[in-house]
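In the numbering used here, the protein residues as written are 2 to 298.
Structure, as structure tokens:
Structure below.
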């Protein structure tokens with residue numbers, strides 16, 4: 002249907018009559034009536050009950066108006082996105098991310114994006130679990146979700162996947178920091194800082210540590226990657242993370258990641274997911290900034 006008739010129908014329903022709608026639209030009543038009659042002929046059923054003073058929707062009209070209003074909303078969203086890209090109004094990009102990524106590649110990508118798009122508002126939500134992040138994206142509260150090992154979910158599309166291997170993370174002055182690779186038996190000679198049971202890597206860590214002789218000293222268990230990083234940098238403890246988790250600390254010379262032989266086949270997937278239903282032009286522009294950074298970090 003032509004966009005004009007959609008707006009005519011919407012206004013007639015809101016106003017209750019063709020005459021009232023014509024006054025708001027500044028269109029002759031006969032033009033609106035003619036368009037509605039043509040539409041009813043195409044549909045093969047009346048759209049309105051015509052009373053002496055007002056018009057109400059028929060059952061067919063009610064069904065039709067669901068389509069009309071959804072189409073008008075989509076048109077409005079699309080036009081707004083085009084305006085964002087033209088720079089004529091402020092855009093907005095919202096992300097839901099795992100907290101451990103807040104100090105690394107994500108803020109670096111956001112800074113680069115904001116420099117190129119200074120009028121765009123950035124909204125960043127730190128969420129504790131992959132489930133919370135995917136729910137936020139599915140509901141339209143965030144344009145993209147960024148985190149590790151998201152399960153498949155209907156209505157979400159994976160935009161980026163970047164693989165990273167788990168390794169032993171420790172302070173640069175740690176006795177094992179200069180090694181080219183380690184075994185877990187080397188690591189358990191030192192206190193461990195472990196992901197707790199709420200994190201996706203914990204079951205794998207338990208499985209890998211179980212065959213080892215002796216009980217490692219557990220310095221801390223936490224669901225905070227920030228805590229893992231800080232405790233490792235300030236002690237002789239060892240934690241197990243990926244290169245994405247320690248990018249900034251590694252660049253500053255505070256932490257190093259040493260490969261662990263038992264983790265050679267264990268990778269985590271850093272994933273960026275978006276909704277198939279909700280679209281945001283400026284968020285897609287941000288994704289163009291983020292993708293090469295994930296590939297090269």
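Think of the CB as a built atom: it goes at the ideal place given N, C-alpha and C, for glycine as much as any other residue.
Only a predicted model underlies this, so the values are computations on that prediction, with no experimental measurement involved.
Query raised in the report: Relative to the C-alpha of residue 123, which residue among 117, 94, 101, 106 is closest?
Result: For residue 123, the nearest C-alpha among the options comes from 94.
Report task. Tell me whether residue 175 sits in a helix, a strand or coil according to DSSP, three-state version. Result -> Of the three classes helix, strand and coil, the one that applies to residue 175 here is coil, per DSSP.
Requested in this report: Could you spell out where the beta strand (DSSP E) holding residue 211 opens and where it closes?
Outcome: Membership of residue 211 in any beta strand (DSSP E) is not indicated, and neither H nor E is assigned to it by DSSP.
Query raised in the report: Just curious, the alpha helix (DSSP H) that residue 135 is in, first and last residue?
Result: Start and end: 131-139.
Query raised in the report: If we call anything under 8 Å between Cβ atoms a contact, is residue 98 one with residue 127?
Result: The answer is yes: Cβ separation under 8 Å.
Requested in this report: State buried or exposed for residue 269, treating a residue as buried only when at least 16 other CB atoms are found within 10 Å of its CB.
Outcome: Classification of residue 269: buried, given that the 10 Å Cβ count is 16 or more.
**Report entry** Whole-angstrom distance between residue 281 and residue 61, CA atom to CA atom
**Finding:** Computed Cα separation, rounded: 33 Å.
Query raised in the report: Which residue comes first and which comes last in the beta strand (DSSP E) that contains residue 93?
Result: Per DSSP, residue 93 belongs to the beta strand (DSSP E) from 93-99.
Requested in this report: Determine the direct distance from the alpha carbon of residue 145 to that of residue 89, and round the result to whole angstroms.
Outcome: For residue 89, the predicted structure reports a pLDDT of 45, less than 50, and the residue's modelled location is therefore unreliable. A value from the coordinates is still provided. Cα to Cα, the separation comes out at about 23 Å.
**Report entry** Rounded separation between residue 21 and residue 283 - CA only
**Finding:** Rounded to the nearest angstrom, the two C-alpha atoms are 38 Å apart.
Query - Option nearest residue 34 by Cα separation, candidates 152, 44, 18 - result: Closest by alpha carbon: 18.
Query raised in the report: In its own chain, which residues sit with a C-beta less than 8 Å from the C-beta of residue 36, not counting the 5 before and 5 after it?
Result: Excluding residues within five positions, the ones whose Cβ falls inside 8 Å are 5, 6, 9.
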